[in-house]
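So the sequence shown is numbered by our numbering: it starts at 10 and just counts up by one. One structure below.
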Amino acid sequence: MSDELLIEEAMAARSACYCPYSSFPVSAALLADSGNIYTGVNVENASYGLTICAERVAVGSAIAAGERAFEKLVVVVRGAGSPCGACRQVLNEFAPELSIIMVDELGKVSSRTTLSELLPQAFGPQYL
Numbered sequence: 010m011s012d013e014l015l016i017e018e019a020m021a022a023r024s025a026c027y028c029p030y031s032s033f034p035v036s037a038a039l040l041a042d043s044g045n046i047y048t049g050v051n052v053e054n055a056s057y058g059l060t061i062c063a064e065r066v067a068v069g070s071a072i073a074a075g076e077r078a079f080e081k082l083v084v085v086v087r088g089a090g091s092p093c094g095a096c097r098q099v100l101n102e103f104a105p106e107l108s109i110i111m112v113d114e115l116g117k118v119s120s121r122t123t124l125s126e127l128l129p130q131a132f133g134p135q136y137l
């Protein structure tokens, strides 16, 4: 699967973001090992702590469809950014070496990294 196709999927999902409080849309496209793509958008809530990030929405959709292994994630965000700590931890549960591509709102790649670079010495199931 090309990065361009995954970026297109993440960009297309952006229109479904629900962010009436921050006006800060975030969308994501997660590529499963099966080749299927799962998208997610941020879903804000008046009780800010209940807001769900786009990355976790994509993971939840994939898990609900029976996926358990992931290759790559594209996140579309205005300006520079990266997944929050909670998203990093959730992603680590399934794909510690996940490739992550950050893209701005125009579709331009701003950074490429891996989850293990963003979450070094991560806590995982092996410690339980």
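Where a beta carbon is used, it is the ideal one built from N, C-alpha and C, also for glycine.
field: Boundaries of the alpha helix (DSSP H) in which S125 is found, first to last residue
entry: Run containing S125: L124 to L127, per the alpha helix (DSSP H) assignment.
- request: Report buried or exposed for Y30, applying the criterion of at least 16 other Cβ atoms within 10 angstroms of its Cβ.
  value: Per the 10 Å Cβ criterion, exposed.
query: Do the stretch 66-84 and the stretch 106-121 meet, that is, are 3 or more Cβ pairs less than 8 angstroms apart?
result: Three or more Cβ pairs closer than 8 angstroms define a contact, and the stretch 66-84 meets that threshold against the stretch 106-121.
message: Less than 7 angstroms between C-beta atoms, sequence neighbours within five positions excluded: which residues of the same chain meet that for L124?
response: A distance below 7 angstroms between beta-carbons, with the five flanking residues on each side excluded, links L124 to the following residues of its chain, in chain order: R97, L100, N101, A104, P105, E106, L107 and I109.
Exposure label - S36; buried when at least 16 CB within 10 Å: With 16 or more Cβ atoms within 10 Å of its Cβ, S36 is classed as buried.
message: Would V85 and E53 be called neighbours here (beta carbons separated by less than 8 angstroms)?
response: No, these two residues do not count as a Cβ contact at 8 angstroms.
query: Considering L14, what are the terminal residues of the alpha helix (DSSP H) in which it resides?
result: Note, L14: alpha helix (DSSP H), D12 to A22.
field: Residue interval of the alpha helix (DSSP H) (run including M66)
entry: Note that residue 66 is Val in the sequence shown here, rather than Met. From DSSP, the alpha helix (DSSP H) with V66 extends over A63 to A73.
field: Own chain partners of G139 with C-beta closer than 7 angstroms, once the 5 adjacent residues on each side are dropped
entry: No statement about residue 139 is possible, as the shown extent of the chain runs from 10 to 137 and does not include it.
query: When the distance is taken between beta carbons, is N45 closer than 8 angstroms to C62?
result: Their beta carbons are not under 8 angstroms apart, which means C62 does not touch N45 by this criterion.
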